[in-house]
Amino acid sequence: MKIKTIIDLLEAEVLCGEDMLEEHVYSACGSDMMSDVLAYVKEQAVLLTGLINLQVVRTAVMMDMKCIVFVRGKNPPEEVIELAKECGIVVLRSPERMYVACGKLYENGLRGGGVDEE
Amino acid sequence: MSEPIQFHFNIDGEDFTSAGKASVQVKKLLRQLSFDADTIRRVSVAMYEGEINMVIHANGGQADVIVWDEKIEVILADTGPGIPDVSLAMQEGFSTAKENIRSLGFGAGMGLPNMKRYSDDMKIDTVVGEGTTVTMSFTVPEG
Ligand SMILES: Nc1ncnc2c1ncn2[C@@H]1O[C@H](COP(=O)(O)OP(=O)(O)OP(=O)(O)O)[C@@H](O)[C@H]1O
Ligand SMILES: [Mg+2]
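Just so you know, the protein sequences line up as chains Z and E, in that order. Heads up, the first sequence is in our numbering, so the first residue is -11 and it goes up one at a time. Heads up, the second sequence is in our numbering, so the first residue is 66 and it goes up one at a time.
Next comes the structure, spelled out in structure tokens:
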């Protein structure tokens, strides 16, 4: 799935990384617990979360993720966007709640990619 | 083994906003040293978990990263409260973190198990009331 498609599906707003919206991503995960995100060994490209601190960006960096989606329309502080820019990560904001946002992406073919899945 | 490259970081326990900064730095350094993506991810994720632990459980500490061609070692040392029962702390889901930490996205009780899983060897030296030193080593695959 292209990052652009995520924007359409989640009615998201681009907070940074406009030049990377054509890139493809193949898996995603949604969590507000960073260690849960860090537990999956497989490639994860998109992180959906309701948290908006710097550790979200650092967690994404650790896992080589390409895109962060802040759900429930949460507005991250400027330093979060700055760090994401510096690290080359696309940041989106969606008004959807976590469950619905994950469901929409899953339904459209973006799967989990965790250790237990295909 | 050839002469290792060493990096040292002071981990600030007072300022949560900087928690994880050293691990991001190490990830960049390992990239510059041209290690493979899998090794870099294993080292940086495990160090990140340990770095966060030092901030949220032990009021900060010191991190040392020692890099050889064939092996990387990460040593995280703090003078925090220590871990009374290491085998309990190692269990997935065990956490003493309070709600304020959980609201920051940590306290799932997954950090130590993740560190164990990502490293090839992990040793925890801890004394209650004195502190904790976690030593992790990572074997770099050949080629
Ligand atoms: N450096 C440390 N000093 C003192 N106690 C520690 C330290 N590291 C871990 N612990 C103890 O071990 C427990 C388990 O650690 P672990 O990293 O697995 O989970 P957590 O930090 O509580 O949550 P998570 O890592 O999922 O965010 C902690 O809750 C804490 O009680
Ligand atoms: Mg932890």
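Where a beta carbon is used, it is the ideal one built from N, C-alpha and C, also for glycine. Values in this document were obtained by computation on a predicted structure and should not be read as measured data.
- The C-alpha of G97(Z) lies about 8 Å from the C-alpha of M(-11)(Z).
- Within chain Z, no residue has its CB atom less than 8 Å from the CB of A162(E), the nearest being about 10 Å off.
- Taken from the Cβ of N118(E), at least one heavy atom of ligand 2 lies inside 6 Å.
- Within chain E, the residues whose beta carbon sits less than 9 Å from that of V44(Z) are G170, listed in sequence order.
- Contact annotation for A84(E) against chain Z: L42, Q43, R46 [CB-CB distance below 9 Å, chain order].
- In terms of Cβ geometry, I131(E) and P69(E) form a close pair [threshold 7 Å].
- In this structure, DSSP gives N118(E) a helical state, which the three-state scheme calls helix.
- With a threshold of 6 Å, the Cβ atom of G158(E) does not count as near ligand 2, since no heavy atom of the ligand is closer than that.
- At a cut-off of 4 residues, the continuous stretches assigned as alpha helix (DSSP H) that sit fully inside the stretch 73 to 128 of chain E are 86 to 97, 102 to 123.
- Note on geometry: alpha-carbon atoms of T204(E) and P83(Z) lie some 44 Å from one another.
- Taking the Cβ of G170(E) as the reference point, every heavy atom of ligand 2 lies at 6 Å or farther away.
- At a cut-off of 7 Å between C-beta atoms, L36(Z) does not count as an interface residue with respect to chain E.
- Between A123(E) and the set A84(E), D129(E), F100(E), the nearest pair of CA atoms involves A84(E).
- Interface with chain Z (7 Å Cβ-Cβ cutoff): M187(E) is excluded.
- Contact check for I76(E) and M119(E): beta-carbon distance about 5 Å, within the 8 Å limit, so the pair qualifies.
- Within the stretch 3 to 36 of chain Z, those residues whose Cβ lies closer than 7 Å to any Cβ of chain E are, in chain order, D20, M21, M22, S23, D24, L26, A27.
- Taking a C-beta distance under 7 Å as the contact criterion, L177(E) and M155(E) qualify as a contact pair.
- Counting along the chain, no beta strand (DSSP E) covers A162(E), and no H or E run does either.
- When the Cα atoms are used, E67(Z) and V44(Z) turn out to be separated by approximately 12 Å.
- Taking the Cβ of G18(Z) as the reference point, every heavy atom of ligand 2 lies at 6 Å or farther away.
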